[in-house]
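Asker:
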Amino acid sequence: MSRATGHYIVLFDGVCNLCNRSVQFIVKRDKHKKFLFGSLQGEAGQSLLKKFSLPAAGFNSFVLIEGEKVYTRSTAALRVVKHLGRGWQLLYALIIIPPFIRNGIYRWIAANRYKWFGKRDTCRVPLPEEKAQFLD
């Protein structure tokens, strides 16, 4: 995990099409390669979930790890756009919406993501040019 130093780590549901599109969105806009990615189902993802005492099953949250701080759900998503820069950080202003409202919407989308966006049989495999940004 030493290469994670100085990076933000995004853990995502590797079989969720919405989650995979979100990762692709971040990869395209991460010009300085600040983000590393790992699926919640993967070895590195499971290890990080354990390290931070997060549930290792029931993959319905997006996780952002910044050093020793962990963010989940809508807060994680908003912190990601904050770090993307180039205008995307303006969306971080949505952080003023109370978490119970933001996370309520987040949970509703998470509960329906497979139905609305579909599900893969296997986790996303990074393209060769993306491989260095993926933990496993």
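Position one of the sequence shown corresponds to residue 18 (my numbering), numbered consecutively onward.
The beta carbon of each residue, even a glycine, is placed where N, CA and C say it ideally should be.
#1: Can you pull the DSSP bridge partners for residue 33?
#2: Check this for me: beta carbons of residue 87 and residue 107, under 8 angstroms apart or not?
#3: Using DSSP with H/G/I as helix, E/B as strand and the rest coil, what is residue 52?
#4: Would you check if the distance between the CB atom of residue 54 and the CB atom of residue 29 is smaller than 8 angstroms?
#5: Can you check which of these residues, 37, 47, 35, 41, is closest to residue 24 by C-alpha distance?
#6: Do residue 116 and residue 92 have their C-beta atoms within less than 8 angstroms of each other?
Answerer: If we stick to the structure as given:
#1: The count along the sequence shown starts at 1 and reaches residue 33 at position 16. Per DSSP, 136.
#2: As a first step, residue 87 must be located in the sequence shown, where it is residue number 70. As a first step, residue 107 must be located in the sequence shown, where it is residue number 90. Taking 8 angstroms as the cut-off, the beta carbon of residue 87 is found no closer than this to the beta carbon of residue 107.
#3: As a working note, residue 52 is residue 35 in the sequence shown. Reduced to three states, the DSSP call for residue 52 is strand.
#4: On the sequence shown, residue 54 is found 37 positions in, with the first residue counted as 1. On the sequence shown, residue 29 is found 12 positions in, with the first residue counted as 1. Cβ atoms of residue 54 and residue 29: closer than 8 angstroms.
#5: Counted from its first residue, the sequence shown places residue 24 at position 7. Of the listed residues, the one whose Cα sits closest to residue 24 is 47.
#6: Looking up residue 116 in the sequence shown gives position 99. Looking up residue 92 in the sequence shown gives position 75. Inclusion of residue 116 and residue 92 in the CB contact set at 8 angstroms is warranted, their separation being smaller than that value.
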